[in-house]
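Before any comments, here is the structure.
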Amino acid sequence: MREINEAEDWLRSAKTLLEGSSASRERYTVVVAQCIHSVIRANDALSMNFLGRRAIRHDTAPRLFLELIEENKIPLRYANLRKTINDAVQLKSKVDYQGAEMSKADAKRWVNKAEKFLSAAKDSLG
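Under my numbering, the first residue of the sequence shown is numbered 30, with each subsequent residue one higher.
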């Protein structure tokens with residue numbers, strides 16, 4: 030599925046940059062942005078597969094995730110990941126357009142969040 034492949038590529042790119050030798054502090058912001066894109070694309074995969082549509086704006090993505098949970102399209106054990114998609118959508122413009130600075134700890138935390146979200150999406154898709 031295209032959306033899952035893209036989510037995996039975004040996450041792989043984030044991990045490569047985080048583990049790289051660049052001394053740039055800005056790389057942490059880029060890592061977070063890449064993780065956010067990974068989460069959004071994984072959410073797109075879920076909503077396309079189970080609902081036949083994707084969010085047309087990023088701020089509607091959390092609503093679609095909630096719909097997936099409420100309609101038992103994905104296992105209830107993943108309901109807590111709604112916070113991840115909410116956080117991703119809220120932070121997206123800050124890191125993409127407003128120049129928010131992220132730390133190494135932020136970057137590591139977002140890699141972990143994206144890994145969990147992507148893993149849950151893949152598990153739900155079968």
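Don't be surprised by glycine CBs; every beta carbon is placed ideally from N, CA and C. The structure displayed is predicted, hence computed values, not measured ones.
Quick one: is residue i buried, meaning 16 or more other Cβ sit within 10 Å of its Cβ, or exposed?
| i | result |
| --- | --- |
| A143 | buried |
| P91 | buried |
| K133 | exposed |
| Q63 | buried |
| I33 | buried |
| L80 | exposed |
| A52 | exposed |
| S50 | exposed |
| Y107 | buried |
| E110 | Just to set this straight, residue 110 is Leu in the shown sequence, not Glu. Its Cβ being crowded by 16 or more others within 10 Å, L110 is buried. |
Please identify the residue among the options whose C-alpha is closest to the C-alpha of residue i.
| i | options | result |
| --- | --- | --- |
| V60 | L40, M77 and S76 | L40 |
| L97 | A150, R31 and G128 | A150 |
| K123 | E35, L154, I65 and E37 | I65 |
| I114 | D73, S132 and G81 | D73 |
| K44 | A52, I85, R56 and Y107 | R56 |
| L154 | K102, K145 and Y126 | K102 |
| A136 | E35, L47 and M30 | L47 |
| A129 | R54, R111, R106 and L80 | R54 |
| A36 | G49, A52, T58 and I69 | I69 |
| R138 | L95, T58, D88 and M30 | T58 |
Just confirm the distance between the C-beta atoms of residue i and residue j, as a whole number of angstroms; I'd bet it's less than 8 Å.
| i | j | result |
| --- | --- | --- |
| L120 | S67 | About 13 Å; that fails the 8 Å criterion. |
| S76 | R83 | 5 Å |
Closer than 7 Å to a non-hydrogen atom of the ligand FAD - does that hold for the CB of residue i?
| i | result |
| --- | --- |
| A149 | As presented, the structure is devoid of all ligands, the ligand FAD included, so that no description of it is given. |
Handout entry: Start-end ranges of the alpha helix (DSSP H) lying completely within the stretch 55 to 89, minimum 4 residues
Key = Entirely contained in the stretch 55 to 89, the alpha helix (DSSP H) runs reaching 4 residues are, in chain order, 55 to 80.
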